[in-house]
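Enquirer: Residue 43 in our numbering sits at position 43 of the sequence shown; the count goes up by one each step and never skips. In this text, a Cβ means the ideal position worked out from N, Cα and C, and glycines have one as well.
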Amino acid sequence: HASWVKRCTGALCFIKDNIRKSYYFRLYCLKANQMVWEQELYEKIEVTQPKPYLITFEGQDGIVAFNFATEDE
Numbered sequence: 001h002a003s004w005v006k007r008c009t010g011a012l013c014f015i016k017d018n019i020r021k022s023y024y025f026r027l028y029c030l031k032a033n034q035m036v037w038e039q040e041l042y043e044k045i046e047v048t049q050p051k052p053y054l055i056t057f058e059g060q061d062g063i064v065a066f067n068f069a070t071e072d073e
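1. So which of Q60, P50, Y28 has the shortest CA-CA distance to N67?
2. Under 7 Å, do E84 and R26 count as touching if we go by C-beta distance?
3. Rounded to a whole number of angstroms, what is the C-alpha to C-alpha distance between W4 and R20?
4. Pull up the distance between the alpha-carbon of F14 and that of T56, whole angstroms please.
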C-alpha cells in the first residue's frame, strides 16, 4: 500500500494477561469506554521507529503503526 489508513485513536496499553499467559497491546476508545483493538505480542517481534513519534511492526493482519501525538509519548 502507498499510504496509511487511520483505524482508531484512544489509549494504548501494554498488558500482561495472566489468564491467557501472553502479552498484548490493547487500544481503548475513551469515548465508548471499550477495547477496540488487540494485538498479541510474539517472541521475535521486529519493531522499527521511522520517526520519533511513529512505531511500526508486523501484526496479525498486516503492518501496524502507532502514531503518537508527541515525541514524548
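Expert: A quick look at the data gives this:
1. Start at 1 with the first residue of the sequence shown, and residue 67 comes out as number 67. Checking every option, the nearest Cα to that of N67 belongs to P50.
2. This structure leaves residue 84 out entirely; the chain is present only between 1 and 73.
3. Within the sequence shown, residue 4 is the residue found at index 4, counting from 1. Within the sequence shown, residue 20 is the residue found at index 20, counting from 1. Distance between the alpha carbons of W4 and R20: 31 Å.
4. Position 14 of the sequence shown, counting from 1, holds the residue named residue 14. Position 56 of the sequence shown, counting from 1, holds the residue named residue 56. Taking the straight line from one Cα to the other gives about 15 Å.
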